[in-house]
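J.: Chains as they are written, first to last, in the working numbering: chain X, 45 to 275; chain P, 4 to 296; chain E, -12 to 418. Before I ask anything, here is the structure I am working with.
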Amino acid sequence: MLEISGIDAGYGNVRVLRGVSLAVAPGEVLCVMGRNGAGKSTLLKAVLGLARVTAGSIRLGETELTGLPAHRIPRAGLGYVPQGRRLFAELTVAENLEIGLMTRRKGAATRDRVLDLFPRLRERLGQISGTLSGGEQQMLATARALCLEPSVLLLDEPTEGLQPSMIALIRETVTRLRAEGVAVVLVEQRIEAVLSIADRVAFLVNGEVAEVLPAAGLDPRAEVFARWVGV
Amino acid sequence: MDLGPYLLLAALEGLTSAAVLALTAAGLSLVFGVMRVVNVAHGEFFMLGAVIAWFVTAHVGGPPWLGFLLALALSPLVVGAIAAAADRLVLKRLNYDPEATIVATIGLLYLLQQAALSFYGPDARPVPAPFDWRVRFPWFGYSGYKLFVIAAAGALLCGLWLLMARTRFGLVMRATQYDPRTAQAFGIDTDRVYAGVFALGAGLAAAAAVLIAPISQAHYLMGGDPLLLSFVVVIIGGLGSLRGTLAAALLIGVGEGMVSVFFSPTLAKILATLAVALVLVFRPEGLFGARAR
Amino acid sequence: MTKIPVPGTLSRRGLLRGMAAGGGLIAGAGAFPRFVQAQSSAPYRLGFQVHRTGIGATYGRWYERTVNAALEVLNAGGGINGRPVELVFEDDATDPKRGAEVFEKLVTRHGCDLVFGALFSHVVVGTAPRAQELKVPYLVCSEGHHVASGALNRWTLQPGITDVKSQVQAMAPWVSANLGKKVTMIYPDYAFGYDHRDNFTAAMAAQGGEVIAALGIPPTETSFTRYLPRIPKETEVIYHVMVGPAVLTFVKELGEFYSGGDHPAIFGFIDSLEGVDVASPGLEFLEGTHFWEGQCRDLQEDATPVETFYREAVGVDAKGAAIEDPRNISTYSHMFSTWETLFALKTAMEAAQYGGREDGEALVEAFEAMSEMPYSNEHPQGDKIFNGRTHQAFGVQNISKIEDGRLVRVHTTTIEDGLYPDEVDYTTRPF
């Protein structure tokens, strides 16, 4: 499905990622872990064309994504839930969803399906999104990405700063998407959140992939976490 | 003249200049709001609008209203196309860096001014009004065309509001304004949005100029005042806020008209400048600008 | 030996050095090399400071056209001192700072013997000090009172056109006798306007009239309606004089303001409508109003051969428009000044036996000795006398009335109507 092979990427003249190769299959959840500054967010941005890729290739199925202008990439079927949510804060809930729908020209049916996942948003369609609670904002950010009906979903620390009930909702959503065959790339810091959901875990260190392990059988106290993620 | 009619006249004059000012400033505000570009060449787009109106009306036969309507349709289109080209050829290549674009638009200002001087010449030329109808109040006569200008500018501003609030293009513009990177992650071609916004901003200035040309003629140096007043309006009203722009244009236009009539135009300019200074010190986001959320 | 650099052959640095050297030579007056004089059949080069762009552009275009026509006549008649004359034009953008730069460029780079041609008073006032520094005669065609007021210097003269003070003073007797005694004045809010305001107020008082309101309008103003309510109701005469690109707007708005009602008598200086067709749409209400004209724009019934000769030479039709384009209206009441200045120069240069720039002082003194300049092909606006002490020419003035869209002369003043006591004696000033 999504195949990243040997990419170098960064911003301006600063290279953040070096020779990163990763792949994620339909119905699979790949978690990306690493210390701050390891290049996790940059990896997602590189896939989306928001960070500059200077070597290697990124393919979605048969489609080569590297070199495409940034606005064309999501149209291939990539949904993005950015870190810190990055809602269009002055726009209403409905308008934020509309932006998501417009990306791949989806209509009312998609919108209804997404709102069924997050009924609370349906009550707040006319509200300015910046005035929502943190959990509601995260729902909206996720819903906005789902409005693309993505085949690949990229989530950047979606549980950051959320209450346990909201974290459960996000996990539930991801699980459901996986069941529907969506490939999920999840950047996450919290080990228990990762282990409850991931199929495989990739560890990024200083912009390089240090190790990729199946999540099954990993223990939260496993030595790898201390080595690649711990302080 | 008695106070009542005096006030009426001052109000009409103020409304006329406020209407044109609101249109012009809305263009400037839009460009800054969405693109974060301080467009110093905005006044020259205004000037081009009037100059093109002169070319159109001078070369189209038939009744004056026909030439005028054609000018009102064509001039903003042509000016918008020039602006879009300037965006693609210059601003985009500077990555919309705030300082670089100021310098670039200053260059554009001189370029457009000199082009107008070369192709249009140094004279002030009258553009015929679409109709010659005068309102006869008991105390004084007044140009019916000026009333038309107020109505037409109002209609165009309503149209702009509808465009921003009710259409997909408006939605895309607003999304780009708040977060261009994320907008790109949702398939929005921000380059096209920027070109479109720059064209729209310039087109608004051009439309305002077509409206004012039958009142004040077309001249290659006419862009200075509208630019300055637009900045005043935009600073007082709050950058990127259409409502604020409208309110500030009314405040400045009508207020300046009143003060000029009852006291002196110099005092009006002093007060306007003072207002800008006060707003910058005490409410830098403008009277109607939203605080960062 | 200093060579005049050919444009485009020098680096900027070299050019600057050359200009500095030239400036230094001229500043050390008299030390200028005598090669110009040696080639006695070489043409005189005269610099012309032209308002080709900026707010004075309409005037500038016609000044250039008129002086070129005069030059042709002059050279066809043998030039000056038997030598042909060349004009070098430089655009000053109607800007005082550019004006001074252009003056210097004409003198040091183009090697002109003197400079003339400027109209707008702020340009004249901004340029005149440079004439004194470089010790080069500066002949202005401005009608401003700044020369005769003593504000400028010995190198600055105005031999081709009457100054505003004299024009205005000559109007007052006729206005008070024929139009009314209570006058409201509308004028641009800077020096040129103040000349009108101050001198007309004084001249009206002398006639038993009164200026009851004076509305100064900022020169950058583009809309005027809001000033008009300040015209007092008891006004008998509105006196208007406006300049710049907005003049047409001003007159139109005055018409709109009074549409449908009685209005006071209107007397204007044609400056308000120089370069504008008085029959333009929106100006209908001017019918029956009066104007000062320096020279009658519309060909009059009793036109003399001098008038037709001048008109034909410049290429102006009977309506005052360019013969090739009837929409291109001339600035007929001012542009004769460039023609007359050129011929006054001829007289003075011949009297001074002018050879080259070292004769600059002699040229100024020759002007100062001049007095009468009779009506002729050389002085087509009318008889003039030149006051050598004030460096100012005085001539006759016309008052015309708009009848059926034509400006018809109804009165011509005498030179004496416009004379006033000297305010300066430049001949006592050092060079």
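Quick reminder that beta carbons are idealized off the backbone N, C-alpha and C, glycines included.
Under 9 Å Cβ-Cβ, which residues of chain P neighbour Tyr124/X?
T.: Along the first sequence, read from residue 1 onward, the residue named residue 124/X stands at position 80. Within 9 Å Cβ-Cβ: Thr185, Ala188, Phe189.
J.: Please list the residues of the segment 230 to 249 of chain E that have a C-beta atom closer than 9 Å to any C-beta atom in chain P, keeping them in chain order.
T.: Gly231, Pro232, Ala233, Val234, Leu235, Thr236, Lys239, Glu240, Gly242, Glu243, Phe244, Tyr245, Ser246, Gly247, Gly248
J.: Identify, in the order they occur along the chain, each residue of the same chain with its Cβ nearer than 8 Å to the Cβ of Val226/X, setting aside the five sequence neighbours on each side.
T.: In the first sequence, counting from the first residue as 1, residue 226/X sits at position 182. Sequence-distant Cβ neighbours of Val226/X in its own chain, meaning closer than 8 Å and more than five residues away, are Pro70, Gly71, Pro194, Ser195, Val196, Leu197.
J.: On a CA-only basis, which of Lys149/P, Phe291/P, Arg184/P, Ala205/P is nearest Gly46/P? Give me that one, please.
T.: Numbered from 1 along the second sequence, position 43 holds the residue referred to as residue 46/P. Looking at the Cα atoms, Ala205/P is the closest of the given residues.
J.: Thinking just about the alpha-carbon of each residue, which of Arg129/X, Val76/X, Glu216/X is nearest to the one in Ser173/X?
T.: In the first sequence, residue 173/X corresponds to position 129, counting from 1. Ser173/X has its Cα closest to that of Arg129/X, out of Arg129/X, Val76/X, Glu216/X.
J.: Are the beta-carbon atoms belonging to His97/E and Val72/E less than 7 Å from one another?
T.: Here residue 97/E corresponds to residue number 110 of the third sequence, with the count starting at 1. Here residue 72/E corresponds to residue number 85 of the third sequence, with the count starting at 1. No.
J.: Thinking C-beta only, is Ser358/E closer than 7 Å to Ile372/E?
T.: To locate residue 372/E, count along the third sequence from 1; it is residue 385. To locate residue 358/E, count along the third sequence from 1; it is residue 371. In this structure, Ser358/E lies closer than 7 Å to Ile372/E by Cβ.
J.: Measuring CB atoms only, is the segment 163 to 174 of chain P touching the segment 110 to 126 of chain X, in the sense that at least three cross pairs come out at less than 8 Å?
T.: no
J.: Strictly under 7 Å for the Cβ-Cβ distance: is Ala178/P near chain X by that measure?
T.: Numbered from its first residue, the second sequence carries residue 178/P at position 175. True, the Cβ-Cβ gap to chain X drops below 7 Å.
J.: Quick check: what's the CA-CA separation for Ala308/E versus Asn315/E?
T.: As a position in the third sequence, residue 308/E is number 321, starting the count at 1. As a position in the third sequence, residue 315/E is number 328, starting the count at 1. Computed Cα separation, rounded: 5 Å.
J.: Assuming Trp161/E and Ile402/E make a contact with CB atoms under 8 Å, what is their CB distance in whole Å?
T.: For the purposes of this step, residue 161/E is taken as residue 174 along the third sequence, with counting starting at 1. For the purposes of this step, residue 402/E is taken as residue 415 along the third sequence, with counting starting at 1. With a Cβ gap of about 15 Å, Trp161/E and Ile402/E do not count as contacting.
J.: Check each candidate in Leu159/P, Ala119/P, Val41/P and name the one with the smallest Cα separation from Ile105/P.
T.: For this step, residue 105/P is matched to residue 102 along the second sequence. The residue with the shortest Cα to Cα distance from Ile105/P is Val41/P.
J.: What does a CB cutoff of less than 6 Å around Ile218/E pick up in its chain, not counting 5 residues either side in sequence?
T.: Position 231 of the third sequence, counted from the start, is the residue given in the question as residue 218/E. Counting only Cβ-Cβ distances below 6 Å, and skipping sequence neighbours, we find Thr171.
J.: Hey, does Leu174/P have any beta-carbon neighbour from chain X nearer than 7 Å?
T.: Position 171 of the second sequence holds residue 174/P. For Leu174/P, the answer is yes, since a Cβ of chain X falls inside 7 Å of its Cβ.
J.: I'd like to know whether the C-beta of Ala178/E is nearer than 7 Å to at least one C-beta of chain P.
T.: Here residue 178/E refers to the residue found at position 191 of the third sequence. It does not: the Cβ of Ala178/E has no partner Cβ on chain P nearer than 7 Å.
J.: Can you say whether Thr295/E is buried or exposed, counting buried as having 16 or more other CB atoms within 10 angstroms of its CB?
T.: As a working mapping, residue 295/E is identified with position 308 in the third sequence. Exposed, by the Cβ-count rule.
J.: Should Thr107/X go down as buried or exposed, given a rule of 16 or more other Cβ atoms within 10 Å for buried?
T.: The count along the first sequence starts at 1 and reaches residue 107/X at position 63. Thr107/X comes out exposed.
J.: Check whether chain P comes within 7 Å of Glu139/X, counting only Cβ atoms and requiring the distance to be less than that.
T.: Counting from 1 along the first sequence, the entry for residue 139/X is found at position 95. Cβ-Cβ to chain P under 7 Å: yes for Glu139/X.
J.: For Tyr319/E, which of Ala349/E, Glu355/E, Leu33/E, Ser259/E has the nearest alpha-carbon?
T.: Your numbering for residue 319/E matches position 332 in the third sequence. Cα-wise, what sits closest to Tyr319/E is Ser259/E.
J.: Give, in chain order, every residue of the segment 169 to 203 of chain X whose Cβ lies closer than 7 Å to some Cβ of chain P.
T.: Gly174
J.: Below 8 Å on the Cβ atoms is my contact criterion, and I expect Phe278/E with Ile310/E to pass it. Report the Cβ-Cβ distance as a whole number of Å.
T.: Locating residue 278/E in the third sequence gives position 291, counting from the first residue. Locating residue 310/E in the third sequence gives position 323, counting from the first residue. The Cβ separation is near 23 Å, so there is no contact.
J.: At a CB-CB cut-off below 8 Å, which residues of chain P make contact with Glu208/E?
T.: Start at 1 with the first residue of the third sequence, and residue 208/E comes out as number 221. Result: Pro268.
J.: Is Pro83/E close to chain P? Criterion is C-beta to C-beta, closer than 7 Å.
T.: For this step, residue 83/E is matched to residue 96 along the third sequence. No, its Cβ sits nowhere closer than 7 Å to a Cβ of chain P.
J.: Report the neighbours of Ala266/E on chain P: residues whose CB is nearer than 7 Å to its CB, in chain order.
T.: Looking up residue 266/E in the third sequence gives position 279. By Cβ distance, chain P contributes nothing, its closest Cβ being about 13 Å from Ala266/E, past 7 Å.
J.: Round the Cβ separation of Leu206/X and Gln233/X to the nearest angstrom and send it over; I've been treating them as touching at under 8 Å.
T.: Working through the first sequence from its first residue, we reach residue 206/X at position 162. Working through the first sequence from its first residue, we reach residue 233/X at position 189. Not really, about 13 Å apart at Cβ, beyond 8 Å.
J.: What residues of chain E sit near Ile218/P, judged by a beta carbon separation below 9 Å?
T.: In the second sequence, residue 218/P corresponds to position 215, counting from 1. Per Cβ cutoff of 9 Å: Thr209, Ser210, Thr236, Lys239, Glu240.
J.: Chain E partners of Pro131/P, CB-CB under 8 Å?
T.: The residue given as residue 131/P occupies position 128 in the second sequence. The contacting residues are Pro268.
J.: Looking only at its own chain, which residues have a Cβ that is under 7 Å from the Cβ of Gly113/E, when we skip the five neighbours before and after it?
T.: As a working mapping, residue 113/E is identified with position 126 in the third sequence. Correct list, in chain order: Pro83, Lys84, Gly86, Ala87.
J.: Residues of the segment 10 to 31 of chain P with a CB closer than 9 Å to any CB of chain E: list them in chain order, please.
T.: Leu12, Ala13, Leu15, Glu16, Gly17, Thr19, Ser20
J.: What residues in the segment 37 to 63 of chain E have a beta carbon less than 8 Å from any beta carbon of chain P?
T.: Arg39, Thr40, Gly41, Ile42, Ala44, Thr45, Gly47, Arg48
J.: Residues of the segment 259 to 291 of chain P in Cβ contact with chain E at a cutoff of 8 Å, in chain order, please.
T.: Against chain E - using a Cβ distance shorter than 8 Å - the residues of the segment 259 to 291 of chain P are Gly260, Ser263, Val264, Pro268, Thr269.
J.: Using the C-alpha atoms, what's the distance from Ala250/P back to Phe162/X?
T.: The count along the first sequence starts at 1 and reaches residue 162/X at position 118. The count along the second sequence starts at 1 and reaches residue 250/P at position 247. If you take the alpha carbons of Phe162/X and Ala250/P, they lie about 39 Å apart.
J.: Using 8 Å as the cut-off, can you tell me whether the segment 323 to 338 of chain E makes contact with the segment 150 to 167 of chain E, which would need three or more C-beta pairs spanning the two stretches below that distance?
T.: no
J.: Under 9 Å Cβ-Cβ, which residues of chain X neighbour Thr193/P?
T.: The count along the second sequence starts at 1 and reaches residue 193/P at position 190. Ala114, His115, listed in chain order.
J.: Would Gly226/P and Met50/P be called neighbours here (beta carbons separated by less than 7 Å)?
T.: Here residue 226/P corresponds to residue number 223 of the second sequence, with the count starting at 1. Here residue 50/P corresponds to residue number 47 of the second sequence, with the count starting at 1. Yes, these two residues count as a Cβ contact at 7 Å.
J.: Taking C-beta to C-beta, are Gly144/P and Glu243/E nearer than 7 Å?
T.: Residue 144/P sits at position 141 when you count from the first residue of the second sequence. Residue 243/E sits at position 256 when you count from the first residue of the third sequence. A contact, by the Cβ cut-off of 7 Å.
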